[in-house]
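Participant:
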Amino acid sequence: MGFLFEDDNFALFRDGFLQTIEVSALSALLALLLGTLLAAFRVSPVPVLRAFGTAWVTLFRNTPLTLLFFAVTFGLPPLGVHFSHLVFAVLALGGYTASFVCEVIRSGINTVPLGQAEAARSLGMSFGQTLTLVVLPQAARTVLGPMSSVFIALPRNSAIAGAFSVSELYSAQQTFSERGFSIFAIFFWVACAYLLISATIATFFRFLESRLAVAR
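Using the numbering used here, read the sequence shown as starting at 1116 and increasing by one per residue.
1) Just how far apart, CA to CA, sit Q1231 and G1239?
2) According to DSSP, is D1130 helix, strand or coil?
3) What residue does the alpha helix (DSSP H) around L1311 start on, and which one ends it?
4) When you compare only the Cα positions, how much space is there between A1166 and S1297?
5) In three-state DSSP terms, what is T1112?
6) Need the endpoints of the alpha helix (DSSP H) that T1290 sits in, please.
7) My output table needs one value for H1197: the three-state DSSP class, helix, strand or coil.
8) With DSSP collapsed to three states, give me the class of P1162.
9) Using a C-beta cutoff of 8 angstroms, does W1171 count as contacting chain B?
10) Tell me where the alpha helix (DSSP H) around I1275 begins and ends.
11) Excluding five sequence neighbours on each side, which residues of the same chain lie with their C-beta closer than 7 angstroms to the C-beta of V1281?
12) Report all residues from its chain with a CB closer than 7 angstroms to the CB of L1154; omit the five preceding and five following residues, and keep chain order.
Okay, here's the thing in structure tokens:
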């Protein structure tokens, strides 16, 4: 297992690890913003927005992630959309994860008593104000648990990006395999890297849950 401590190998592993974190972080940010917007669409009083949100969630949750990567990476350039492989990976992974974030947030919205929204509307608040100032802050407390599961899975899903010219951990693993190193040793270090990322995300969400917990 000591192969990793050779300079060239460590640099390759380090770069793959940092690239995985970058892809995961950017995708998580996109998924959180887009997922929140989609959740707002799904509970909106406007039929067109509700239909759009429902269609997005239905399509992306039921489409294999690998197929989405193919669609984004090879489908957008012919339409005149040209980005780096990293950006394409973030778009595919973020758009896919946003559908799950949307449903988690929507479930949290449904736990907020209807009287809260009715009281806000009686005070003259618009739908947007009611959602952002009254409903979402309360829903956020209830969705941290399931939301952590979504974001813990995201770095593992990012491994698909390695097959689309993004130099992350999966790509590093392939390179190590081609160099003839032990498969067990390679997967041990790659698994440790993913475990570290997942444990960090889980710890962060536990911290948020403790800070936002309501005394009962």
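Glycine is no exception: its CB is placed at the ideal position from the N, C-alpha and C atoms.
Facilitator: Checking against the coordinates, here is how it stands:
1) The count along the sequence shown starts at 1 and reaches residue 1231 at position 116. The count along the sequence shown starts at 1 and reaches residue 1239 at position 124. Their backbone Cα atoms lie some 13 angstroms apart in a straight line.
2) Position 15 of the sequence shown, counted from the first residue, corresponds to residue 1130. Three-state result, D1130: helix.
3) Here residue 1311 corresponds to residue number 196 of the sequence shown, with the count starting at 1. First-last of the alpha helix (DSSP H) with L1311: 1298 to 1327.
4) On the sequence shown, residue 1166 is found 51 positions in, with the first residue counted as 1. On the sequence shown, residue 1297 is found 182 positions in, with the first residue counted as 1. So the two alpha carbons sit approximately 51 angstroms from each other.
5) Here the chain has residues from 1116 to 1331 only, and residue 1112 is not among them.
6) Position 175 of the sequence shown, counted from the start, is the residue given in the question as residue 1290. First-last of the alpha helix (DSSP H) with T1290: 1284 to 1293.
7) The residue labelled residue 1197 in the question sits at position 82 within the sequence shown. Coil.
8) Residue 1162 sits at position 47 when you count from the first residue of the sequence shown. Three-state DSSP puts P1162 in a helix.
9) Judged by its chain identifiers, the structure shown contains no chain B, having just a single protein chain.
10) For the purposes of this step, residue 1275 is taken as the residue at position 160 of the sequence shown. Neither: I1275 is in no alpha helix (DSSP H) and is coded neither H nor E.
11) As a first step, residue 1281 is located in the sequence shown; it is residue number 166 there, counting from the start. Excluding positions up to five away in sequence, the list reads Q1134, V1138, H1200, L1201, A1204.
12) If you number the sequence shown from 1, residue 1154 lands on position 39. It should be noted that the sequence gives Ala, not Leu, for residue 1154. Result list for A1154: C1217, I1220, R1221, I1224, in chain order.
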